Amino acid sequence: MKNAKLRLETCLSPAMYSKHANDDNIVVVVDILRATSTICTALHNGVKRIIPVSTVEEAKAKKDEGYIVASERDGYVLDFADFGNSPFNFTADKVKDKEIVYSTTNGTRCIHMAAHSKAVVVGSFLNLTALANWLIGQDSPVLIFCASWKDRFSLEDTVFAGALAEKLLASGKFETICDAVTASLDLWSLASPDLNGYIQKAAQKGRLAAKGLDDCIEFCHQPDFTSVIPVFADGDLVPVS
Numbered sequence: 013m014k015n016a017k018l019r020l021e022t023c024l025s026p027a028m029y030s031k032h033a034n035d036d037n038i039v040v041v042v043d044i045l046r047a048t049s050t051i052c053t054a055l056h057n058g059v060k061r062i063i064p065v066s067t068v069e070e071a072k073a074k075k076d077e078g079y080i081v082a083s084e085r086d087g088y089v090l091d092f093a094d095f096g097n098s099p100f101n102f103t104a105d106k107v108k109d110k111e112i113v114y115s116t117t118n119g120t121r122c123i124h125m126a127a128h129s130k131a132v133v134v135g136s137f138l139n140l141t142a143l144a145n146w147l148i149g150q151d152s153p154v155l156i157f158c159a160s161w162k163d164r165f166s167l168e169d170t171v172f173a174g175a176l177a178e179k180l181l182a183s184g185k186f187e188t189i190c191d192a193v194t195a196s197l198d199l200w201s202l203a204s205p206d207l208n209g210y211i212q213k214a215a216q217k218g219r220l221a222a223k224g225l226d227d228c229i230e231f232c233h234q235p236d237f238t239s240v241i242p243v244f245a246d247g248d249l250v251p252v253s
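Here the numbering used here runs 12 ahead of the position in the sequence shown, where the first position is 1.
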């Protein structure tokens, strides 16, 4: 008898997460612009650990305790934060060997929502191939969880979900009966010939541009910048061992 294939699903918004939640899932949280791209960059550049918190109040309390805090809402750096949510803030000279509290509009909330799962990891184009290879080796069902924007559909997150799903399905270890996976694969096939050109359509690109924060768009869509896979363990984001 052939081994059963592993379940692959995609959740397109936190508003739909309860329909997909399953304790045996490995959940891949995706917030391409910008949280999960920034987390991958920070750990690549030597951050010791990232402490994700969901609320502004939690972030402020951690700042009062003496932590370095990176935090934003709607793209704007909070007045008490040391810096915001651009991957370019997290250079090695600023963050190597540091512990950083991190709170964003969408991504950090999703990490905590999925904490009941078998494992929670962080995905981005920056670690795409390393992440796919790691997931293929885990022998667990996978849920790709798009952080979206305030519970609304996100183009860039869904395009990434398609890129990751393509690699997982190509391994032969996964199968899907999830329309969100199929839709994401179709979007990825449209976007992949000119990813940076395609992503100009994304609403979040426009939101960031209106605030002068779009300098990192192309970087956030760069495949395989790093082999770091951030995992949520004991309340911290650290590189998977």
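Backbone N, C-alpha and C define an ideal beta-carbon position, used for all residues, glycine too. Quantities reported herein were computed from a predicted structural model and do not represent experimental measurements.
Own chain partners of residue i with C-beta closer than 7 Å, once the 5 adjacent residues on each side are dropped
i, result
"Lys185", "Lys17, Leu18 and Ile148"
"Leu199", "Thr170, Val171 and Gly174"
"Ala31", "Note on residue identity: the sequence assigns Lys, not Ala, to residue 31. Same-chain partners within the cutoff: there are none."
"Ala126", "Val39, Val41, Val132 and Phe157"
Of the residues the options, the one placed nearest residue i, counting alpha carbons only
i, options, result
"Asp43", "Ile123, Asp94, Val154 and Ala54", "Ile123"
"Asp248", "Asn37, Ser115, Phe95 and Tyr88", "Ser115"
"Leu202", "Ala221, Lys179, Leu181 and Ala175", "Ala175"
"Cys158", "Val252, Ser136 and Phe231", "Ser136"
"Tyr88", "Asp191, Gly224, Pro235 and Asp246", "Gly224"
"Leu140", "Pro64, Lys179 and Arg121", "Lys179"
8 Å Cβ shell around residue i - same chain, five flanking residues per side excluded
i, result
"Lys217", "Leu45, Glu168, Ile211, Asp226 and Ile229"
"His56", "Leu138, Phe237, Thr238 and Val240"
"His128", "Ala33 and Asp35"
DSSP-derived helix/strand/coil call for residue i
i, result
"Cys23", "strand"
"Leu225", "coil"
"Phe157", "strand"
"Ala245", "strand"
"Val133", "strand"
"Val65", "coil"
"Asn15", "coil"
"Ser239", "coil"
Enclosing alpha helix (DSSP H) for residue i [first to last residue]
i, result
"Gly119", "Gly119 to Met125"
"Gly174", "Leu167 to Ala182"
"Ile51", "Ala47 to His56"
First and last residue of the uninterrupted beta strand (DSSP E) at residue i
i, result
"Asp248", "Asp248 to Pro251"
"Glu77", "Per DSSP, Glu77 belongs to no beta strand (DSSP E) and is neither H nor E."
"Val40", "Ile38 to Val42"
"Ile148", "Here Ile148 belongs to no beta strand (DSSP E); instead the alpha helix (DSSP H) covers Leu140 to Ile148."
"Ser115", "Glu111 to Ser115"
Between the CA atoms of residue j and residue i - distance to the nearest angstrom
i, j, result
"Ser160", "Val41", "10 Å"
"Ser98", "Asn15", "43 Å"
"Ala104", "Ile62", "14 Å"
"Phe165", "Val171", "11 Å"
"Leu90", "Thr117", "11 Å"
"Val68", "Ile51", "18 Å"
"Val39", "His233", "21 Å"
"Thr22", "Pro153", "11 Å"
Own chain residues within Cβ distance below 6 Å of residue i, not counting five before or after
i, result
"Lys108", "Gly58"
"Ala47", "Thr116 and Gly119"
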